[in-house]
Amino acid sequence: MRKNPVWLWAAALAAYAFLYLPLLIVVLYSFNDSRLNAEWVGFTLHWYTELINDTNMLVAARNSLLIAVAASLAATVLGTLAGLAIYRYKLRILPILAVTPVAMPEILLGVSLLLFFNLVFRPWLGLELGMWSVIVAHITFCIGFVTIVVRVSLLGMDESIFEAARDLGATPWQTFRLVTFPLILPAVMAGALMSFALSLDDFVITFFTAGVGVSTLPLQIYSMIKIAVTPEVNAVSTLLMLLTLGMIVLASRIHGKAIQSTGV
Amino acid sequence: MRGYSCVNRRLGRWVVSLPPTLFLLLFFVAPSLIMVVASFRFPGEYGGLAPLVEHGRWKLTLETYRFFFSDFIYAEIFIKSFGVALATTLICILMAYPLAWLIARSPKKHQDVMVLLAVLPFASNFLIRVYAWMIILGPQAAVARAVNSLLAAFGFEPVTLLFSPFAVLVGMVYVHLPFMILPLYTNLAKHDPALLDAAQDLGANAWRRFWKVTWPLSLPGIYSGSVLVFIPVLGMFAIPDILGGTGDILIGNLIKEQFLGTRDWPFGATLSLMLTLAVLVCAGLAAWLARRGVGRHA
Amino acid sequence: MRFLALLLLWVSPALHAADVLHLYNWNNYISDATVARFEHECRCKLVQDYYSDNEEMLAKLAAGAAGYDLIVPTGNAVESLIKSRQLRPLDKRLLPNLKNIAPAYLDTGFDPGNRYSVPYAYTITLIGYNAEKLRELNLPTDTWAVILEPKYLAKLKGRVTVLDSQRELMAAALKYLGYSANDTDEAHWRRARDLIIRAKPYWAAFNASSYIKELTVGNIWLAHGYSSDMFQAQQDARQAGRPFTIAYSTPKEGAVLALDSMVIHKSGPRPDLAHQFINFMLEGRNSAELTNLIGSGNPNRAALNYIDPAIAANQAVFPSPDILRRLEMLRDLDRTQRRVLSRTWTEIKVR
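Protein chains in written order, with my numbering: chain A, -18 to 245; chain B, 15 to 312; chain C, 399 to 749.
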């Protein structure tokens, strides 16, 4: 390969620095012994202990996890079905339905769901906003991601294996259970993990659809940023970063296997 | 056996496609339609919406649209949001291109790691990344003090970096940069190095090689990245909220305010509808440009 | 797996439903000691949610937030809640301590006969400032001019914040122009708007809550805010040993008096506990605790015995009749006026 010019290295490194400097500062200042996030004073784990004692934060974390688990499970099931259907039956409407929530600005989805829940669910079903409204909202925008991932995985597969199963006398359900599903499983897992990470991190849609007393981590962080910016925010940010990092690495590993497995 | 599998195939089609379709019709299409209708309704006296049918008559109105078009200020905010989105996209292209190009030209075994490194910041919560800039650009932090002492040396007034349009732009670029890096890299990685070698053999210098070979081939990547940056930026409100100063509201802030401040839902719905139309126009434009571009340089 | 998740979802909130009182309150508007004492007395748990602006609270309620037993809205918001039939009428039999409230604060225009609300505390929206800095710059501290007139603002560029509240900021400008804070004449609104736009370049930010910290730290020298917040800033600065003091005063042109009342929301599950809380807060000692903590005005006569004399003498907390005459309570606006105000506010933010 030809050698890369110096300026290219410089520009690329500058971009990397730009990406990482803020994060490094957040992590660094989470250990800062000062209420104000202005200058470095000394090392302390105080903010982490305060974090563990902060019930609001813990409740928010619990809510975030519950919502993420429920939403990613449902989105994975529905998204896998959608991916299969689009691949198999060459549908035209479902792809648009699934992918548009992903492509539009989040605020539109949040606002329309808020209106919907208020005008339909409250008067007709007597249901108030709550955690369920957040879960439904998250499922809506996560389905698209899973659909895309599953469909791409299916596209990369060799059709002949399905034909072979049919020729050997397998019913469609058996083909799915014994051939298709094991092959798309890595993609499904990757989609599930991505949905989990997206749901955990979501702010805008949760902001509009959360009910009374339903606080998630992003909502809690937002209120802390607006009012009291102590290094506790840094501490929770650092921990969140580690968690989401773990999920994404896991997802990419599994997705890598998914891509490999399509070359059966 | 054949007939059985035909019926089964029909059944299979419904079983598989119905659940997601129903879910999305209920929780995506219905809400969108409700939003469209809401923009034609009257606002409730104390917030929310007035009843749709009163005394047996439909209560719909164009009043909200008239209000939207009656004052140029709303169009102004739209234009401003478009400007910010455009600026963010351009800056992202400028910053992402060298990085994506470097990764694409690196040995295969390094590429995965380099891409992962570039995308990793995306792993952190978006609010945290915005908050990080509050620290960096804060008046007591190193950057602000350095900039201001430099300005003072030349006799200029000190500037506040935080709570300014500059801070909003930095925040927007920072949050969306990974969305530009990935599509660009995916595209650049597919370029055949033989083309560049051929160009060099024919006597082209580095700049011509880039401009005539690499750049046109990378256009589809630029389009995907631009769409992934431009559209989300249009709807953002948290970044201007946190990093912006007294005048930096964008269309997202205005929409949020109608629902969670002024309690004027019809107007919020109207604004949302206008934003949707704007997004559709941009997406359509991008698709058209991409088709043209690909056609010419395929 | 999904069932388990669903089960967890349903079970965990239910586990907390027993004997919980949900209070939707302003930030920093009740002392921890009071909360602890109430929880001990009623053998229940008090869960708080916060808001920093009446409009925010009203909007959240309009958007379907439910399950709050008690809310502490200001007069104009009480008016809106009553008219939109969101409140439960009070059972006066459960509120024997109601007699403690000074008659001047009962039977207000927004709730005649106190059918739905009971006064809690009041604040005045005024200006707080770094006393040393303003003296040094030779600036007046008893007029709205100091946040609205460029000739004063030029010395304070980037060191002033104002409230991020449509009603409050417009009220300040209207009072300065000599109009009523409840004036709905669009021509007057336009004059107020122009005044604000002219002053805006000198302001650092629109800020509803963190100006306390900014004043205490010394980043901001002048802030438009609530008297209770200014009191807090004053205490904080003293405790932190700052080389300056924070002072606050009511502008001579007049200001907004915000009387906050306790109301019971229709959707709250525990009106019994809510009444208990209201009666508890009507006791002199409990009511005084808030005043001593945050320096808010107190409409409760029985509380006077328990209030710190320094605070009782503070004109900005307990205004003399002279100042009281210049204070006004805000009234609610109808939907057309709200829309016009919203556009005015947008113009203020954008121009």
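For every residue, glycine included, the Cβ atom is placed at its ideal position computed from N, Cα and C.
Nearest Cα to Thr523/C within the set Thr614/C, Pro501/C, Lys573/C: Lys573/C. Counting along the chain, Leu620/C sits inside the beta strand (DSSP E) bounded by residues 620 to 624. If you draw a straight line from the Cα of His69/B to the Cα of Ser740/C, it comes to about 30 Å. Considering only Gln713/C, Leu546/C, Arg565/C, the residue with the shortest C-alpha distance to Asp592/C is Leu546/C. Among the residues facing chain B, Val133/A is not included, as its CB has no counterpart in that chain under 7 Å away. Under the DSSP assignment, Thr57/A falls outside any beta strand (DSSP E), being part of the alpha helix (DSSP H) whose first and last residues are 36 to 70. Beta-bridge partners of Thr506/C (DSSP): Asp509/C. Between Thr734/C and the set Thr582/C, Arg533/C, Gly511/C, the nearest pair of CA atoms involves Thr582/C. Among the bridge pairs identified by DSSP, Val516/C is matched with Met660/C. Annotated as distal: Met250/B and Leu96/A, with beta-carbon spacing of 7 Å or more.
Ile644/C: member of the beta strand (DSSP E) spanning 644 to 647, first to last residue. Within chain A, no C-beta atom comes nearer than 7 Å to that of Ala431/C; the closest sits roughly 18 Å away.
Exposure of Pro599/C is indicated by the presence of fewer than 16 other C-beta atoms within 10 angstroms of its C-beta.
For the set Gly61/B, Phe86/B, Trp28/B, Ala44/B, the Cα lying nearest the Cα of Leu90/A is the one of Ala44/B.
Spatial neighbours of Ala118/B in its own chain (CB-CB distance under 8 Å, excluding positions within 5 residues in sequence) are listed in chain order as Gln125, Tyr199, Leu202, Ala203, His205. For Arg103/A, the closest Cβ of chain C is nearer than 7 Å.
If you check the CB distance, Leu113/B and Ile195/B come in under 7 Å. For Tyr466/C, the three-state secondary structure derived from DSSP is coil.
Within the segment 164 to 176 of chain B, the residues whose Cβ lies closer than 7 Å to any Cβ of chain C are, in chain order, Thr174. Within chain B, not a single residue places a beta-carbon under 7 Å from that of Val476/C; the smallest gap is close to 12 Å. Taking each of Ala711/C, Glu437/C, Leu419/C, Val470/C in turn and checking the Cα distance to Tyr427/C, the smallest one comes out for Val470/C.
Spatial neighbours of Gln272/B in its own chain (CB-CB distance under 6 Å, excluding positions within 5 residues in sequence) are listed in chain order as Asp278, Phe281, Gly282. Collapsing the DSSP output to three states places Leu108/A in coil.
Among the CB atoms of chain A, one or more fall inside 7 Å of the CB of Ala464/C. Collapsing the DSSP output to three states places Ile6/A in a helix.
At the C-beta level, Ser647/C and Ala714/C come within 7 Å of one another. Within the same chain, Cβ atoms closer than 7 Å to the Cβ of Gly235/B are found at Pro197, Leu198, Thr200, Asn201, Leu202, the five residues on either side in sequence being excluded.
Identification of residues in the segment 535 to 561 of chain C having a C-beta nearer than 8 Å to some C-beta of chain B yields Gly556, given in sequence order. Pairwise C-beta distances place the segment 60 to 74 of chain B out of contact with the segment 121 to 130 of chain A, as fewer than three of them are shorter than 8 Å. In this structure, Ala191/A is the residue among Leu5/A, Met205/A, Ala191/A with its C-alpha nearest to the C-alpha of Ser45/A. When the alpha-carbon of Ser233/A is set against those of Val160/A, Lys207/A, Val115/A, Ala171/A, the nearest one is in Ala171/A.
By the neighbour-count criterion, in which 16 or more other beta carbons inside 10 Å mark a residue as buried, Phe188/A falls on the buried side.
Contact annotation: in the segment 250 to 277 of chain B, residues whose CB is within less than 7 Å of a CB in chain C are Gly259, Thr260, Gly261, Ile263, Leu268, Phe273, Leu274, Gly275, Thr276, Arg277. In the DSSP assignment, Leu524/C forms a beta bridge with Gly623/C. Beta-bridge partners assigned by DSSP to Thr472/C: Asp658/C. Per DSSP, Tyr422/C lies in no alpha helix (DSSP H) segment; the continuous beta strand (DSSP E) that holds it begins and ends at 418 to 424.
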